[in-house]
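To start, the structure itself, in structure tokens.
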Amino acid sequence: MCGRFYLKFLPSSEELFEHLFGIPLPEFEYPPILDDDILPYRDITTFYPSSNRVKSRPMFWNLIPKNSRSFEPRKTWFNTRKEKLAEPYQKNLLRYKRCVVPINGFFENKKANGKAVYHSKKIGGRNVRKKETYEFTLREESLMLLGGIYDVWGEDQFSCSIITLAPNSLIGEIHQRMPFILPNEMVKVWLDKNVDDDDFLTELISPFPSEKLLMKRKWPPDKEGALSNEESQMDLFGG
């Protein structure tokens with residue numbers, strides 16, 4: 000799943016953005032929402048296709064269908080499984096209402112047999128017990144773009160959901176799902192309103208390569224600090 004991420008900065012260079020993703024820097028209708036700990040059920044920054052160019056606006060992070068009685072979350076829908084995109088409502092959004100969620104990195108809690116793994120560590124003279132947590136970022140770039148779907152309730156109340164799928168080998172050691180991370184060359188296609196073949200779009204949704212990600216253990220920290228898959232993968236996963 001993807002239930003916690005951070006966005007501290009966005010590239011301001013139009014040339015760099017277009018070089019990386021093949022589209023002009025989105026037109027910001029509102030200032031970006033920057034935070035180092037972003038959770039569901041709040042507004043987040045998104046990119047979406049509008050008329051003749053891609054725009055950026057805040058959307059509520061938990062999908063609320065347009066036919067809901069009110070703009071309130073009735074179910075947990077901040078993630079949408081790839082498998083669910085075959086259902087009529089989600090398929091329609093996949094075809095006509097796709098968005099991108101820009102982030103700098105995301106967090107996952109380790110699970111074993113479907114249950115969260117907890118660790119205790121003595122800090123400041125007392126034991127602190129938390130879930131074992133890992134941070135994931137791109138190896139070579141600072142901006143990660145997640146694929147999502149959105150809907151509009153009323154005239155202008157937007158809400159969205161991040162697509163998840165089976166994990167790659169790296170994230171699979173921690174969690175049974177991962178967010179849909181868009182490769183740079185796919186961003187232009189994902190945000191193209193003229194692309195509406197749901198079979199084609201579904202096939203695009205595949206696990207991001209493990210070798211292009213960095214992983215750091217955030218909790219529990221060790222004496223030397225957070226561990227990374229680049230330096231300490233054998234320590235984390237036993238070889």
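If you read the sequence shown in numbering that gives the first Met the number 0, its first letter stands for residue 0, the second for the next number, and so on.
The beta carbon of each residue, even a glycine, is placed where N, CA and C say it ideally should be.
Values in this document were obtained by computation on a predicted structure and should not be read as measured data.
If contacts are defined as beta-carbon pairs under 8 Å, then residue i and residue j qualify, I think. What distance do you get, rounded to the angstrom?
i, j, result
"Cys159", "Asn78", "That pair is no contact at about 11 Å."
"Gly146", "Arg97", "7 Å"
"Phe27", "Ser49", "Phe27 to Ser49, Cβ: 12 Å. No contact."
"Lys187", "Phe20", "7 Å"
"Val99", "Phe135", "Val99 to Phe135, Cβ: 17 Å. No contact."
"Ile204", "Lys81", "5 Å"
Assign residue i to buried or exposed, taking buried as 16 or more other Cβ atoms, counted over all protein chains shown, within 10 Å of its Cβ.
i, result
"Leu15", "exposed"
"Asn108", "buried"
"Phe207", "buried"
"Lys215", "buried"
"Phe59", "buried"
"Phe70", "exposed"
"Phe157", "buried"
"Thr75", "exposed"
"Phe162", "It is worth fixing the name first, because residue 162 is Ile in this sequence and not Phe. With 16 or more other Cβ atoms within 10 Å, it is buried."
"Ile122", "exposed"
"Val53", "buried"
"Pro23", "exposed"
Taking only three categories from DSSP, how would you classify residue i?
i, result
"Pro10", "coil"
"Asp191", "coil"
"Ser209", "helix"
"Leu164", "strand"
Pick from the options: whose alpha carbon is nearest that of residue i?
i, options, result
"Pro39", "Lys74, Glu13, Arg3, Asn66", "Arg3"
"Glu139", "Tyr133, Ala111, Asn103", "Asn103"
"Gln175", "Val53, Asn126, Gly113, Asn91", "Gly113"
"Leu62", "Thr136, Asp35, Leu92", "Leu92"
"Tyr149", "Glu13, Lys110, Leu190", "Leu190"
"Lys7", "Leu33, Tyr29, Gly171", "Leu33"
"Tyr133", "Thr201, Arg41, Lys110", "Lys110"
"Gln89", "Lys65, Glu13, Pro101", "Lys65"
Give a single yes or no on whether residue i has its beta carbon closer than 8 Å to a heavy atom of the ligand GDP.
i, result
"Met0", "Annotation note on the ligand GDP: not contained in the displayed structure, which lists no ligands."
Quick check for students: name the residue ranges of the beta strand (DSSP E) that lie wholly in the region 104–155, counting only runs of 3 or more. 104–108, 117–122, 125–130, 132–137, 143–152
Those runs of the alpha helix (DSSP H) which lie wholly inside the region 46–116 and span at least 4 residues: 87–95
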